[in-house]
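S.K.: Mapping to the UniProt record's numbering: the sequence shown position 256 is 256, numbers consecutive. Heads up, the beta-carbon is just placed ideally off N, CA and C, and yes, glycines get one too. Every value quoted in this text rests on a predicted model; they were computed, and no experiment measured them.
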Amino acid sequence: MKMEVSKKDFITLLCVIIASFLCAVNINTFIDAGGLFPGGFTGLTVLIQRCFSTYAGIEVSYSLVNILLNAIPAYIGFKIVGKKFTIYSCIMIVLTGIFVDILPVMNITEDILLITVFGGILQGSALGIALKGNASSGGTDFIAMGISQKTNQPAWNYVLAMNAIMLVVAGYLFGWDKALYSIIFQFCSTQIVNTVHTRYKKLTLLIITGHPDIVIEEIQNTTHHGVTRFEGQGTYYGKDVTMLYTVIENSGAKALINRIREIDPTSFVNVTKTEYLEGRFYQKPIE
């Protein structure tokens, strides 16, 4: 058991390091070259940096500003979301700041549209890697995860809405073209995260099987979700069959369906997306 935990922690730390590096590279290349403002506290940190540089002639450290901004959200995350998740997220916050401060600033291209789209994709990929490793970049990620914990629904589109106020301020101070391109950047990033992060996405399974007891046991042992059982008759062959109804997380669906097909090769499985769910549903807690 100890080896399993250690391996999981190692994978999480590796994801955090990779994601931190990618975020820092993105900030020092695409974001800096395009004068963009990424989402969340990363964007707020960049905005504060540029305000100090432009209006006060003072260059402030990315690390210092970002760590100060994340202090309160990190505390909220520690209390609501999960202790390990928050600790690894704080490590990512610190590492990203260090990488930003030590890596060189480079302009890859002058095409603002390419900068916006590919910068957003890189940002979303970095955040997706972090979330896959059970961590985040902090700030609004803590808020989004808190909302998701309470509502059991994805909240990344709400984060996109929360960034609107920051972009209005950025547009007023540094030009509306930068703010509008930043919206495209954030939209690209959010869509990548929505695609990669499937924790709060659910699927409904309708399973027709001739071996219901074994299939039910597999579903309950694997997912910890209940199953509703219906007895019926298949009209094609006129045989008695059982239909099982259950809702599970998207992330474990493929493995479970493969296992059901191993148990009963003649089973028929219908998979549909679950847009909204009301009632008791087991959600594995974030550590």
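1) With a threshold of 16 other CB atoms inside 10 Å of the CB of Thr109, please say whether the residue is buried or exposed.
2) To which residues does DSSP link Lys273 through a beta bridge?
3) In terms of residues, what are the limits of the beta strand (DSSP E) holding Ile248?
4) With respect to the beta strand (DSSP E) encompassing Thr228, which residues constitute its N-terminal and C-terminal limits?
5) Take Gly171 and list the residues in its own chain whose beta-carbon comes closer than 6 angstroms to its own, dropping the five residues that flank it on each side.
6) Of the residues Ile207, Thr223, Asn221, which one's Cα is nearest the Cα of Val241?
7) Of the residues Val117, Ile165, Gly210, Lys254, which one's Cα is nearest the Cα of Gln191?
8) Looking at the unbroken alpha helix (DSSP H) that takes in Gly82, where does it start and where does it end?
9) Hey, quick one: how far does the alpha helix (DSSP H) through Asn258 stretch, first residue to last?
10) Tell me which residue opens and which closes the alpha helix (DSSP H) that Leu103 is part of.
11) From what residue to what residue does the alpha helix (DSSP H) around Val215 run?
12) For Phe78, tell me which candidate among Phe142, Ile115, Met166 has the shortest Cα-Cα distance.
13) Under the assumption that Phe37 contacts Leu22 (Cβ atoms under 8 angstroms), give the Cβ distance between them as a whole number of angstroms.
M.R.: With the structure as the only source:
1) exposed
2) Leu203
3) 240 to 249
4) 228 to 233
5) Ala179
6) Ile207
7) Val117
8) Careful: Gly82 lies outside any alpha helix (DSSP H) and carries neither H nor E.
9) 253 to 263
10) Per DSSP, Leu103 belongs to no alpha helix (DSSP H) and is neither H nor E.
11) 212 to 223
12) Phe142
13) Between Leu22 and Phe37 the Cβ distance is about 18 angstroms, and since that is not below 8 angstroms, they are no contact.
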